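**Q**
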């Protein structure tokens, strides 16, 4: 097997937001409203619309609040501020900088494939804080290219800048649909921080720091 590139999902792989759900819960419950189940199909679809660039980040927050029973403008303003702050409150995965620089120094092309309403410029600013903004050879941001995983377009957009071949690429992710989308193109798939124990790929990684050893074994 020849591996020349490693592509990564961003959220829940390179970083996590363990406190964000609590912010949403507190916002609604403190106003006498029930907590929202953000995992229902309707809310998942709404989020994907924002990731696809069909609605903006602020429009997404506003619609979440509207569906949750918010009616007062002051609450909309407060909610948008709170949700934005929660989105910016994240923890980088242990060892992420070391892993990425090791892979880069080993001659691999590195890319991002992310479903998000945040721009590439914004995420690069986050990455700069720990020195991983310069390692990327490509950055496929869903809201900018108007395609979301598992559509093949977004994976191919991450390979195109360096002429990557899907059969020579690894994709690291946590969600089954996104793993399946990469596998359908011929990529080798690595599951890390999986959504639940049913998520399967070619390989399952327990610790992110172990990724360079796995990649080396596949080259």
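Residue numbers (the working numbering): 41 to 259.
A virtual CB, placed ideally from N, CA and C, is assigned to each residue, including glycine.
Quick caveat, the model's predicted, so the values are computed rather than measured.
#1: Roughly how many angstroms separate the alpha carbons of residue 187 and residue 199, rounded to a whole number?
#2: Taking DSSP as the reference, what is the three-state secondary structure of residue 175?
#3: Pick out the complete beta strand (DSSP E) segments inside the region 147-208, 3 residues or longer, and give them in chain order.
#4: DSSP has residue 131 in a bridge; who is on the other side?
#5: Enumerate in chain order the residues of its own chain whose CB-to-CB distance from residue 235 is below 6 Å, with the five nearest sequence positions on each side excluded.
#6: Which value, in whole angstroms, describes the spacing of the CA atoms of residue 170 and residue 163?
#7: How long is the line joining the alpha carbons of residue 190 and residue 207, rounded to whole angstroms?
#8: So residue 83 is in the alpha helix (DSSP H); what residue range does that whole segment cover?
#9: Looking only at C-alpha atoms, which of 125, 80 and 50 sits nearest to residue 133?
#10: Helix, strand or coil, according to DSSP, for residue 45 in the structure here?
**A** In short:
#1: 14 Å
#2: coil
#3: 149-154 and 178-181
#4: 56
#5: 214 and 215
#6: 12 Å
#7: 17 Å
#8: First-last of the alpha helix (DSSP H) with residue 83: 81-91.
#9: Nearest option by C-alpha distance: 50.
#10: strand
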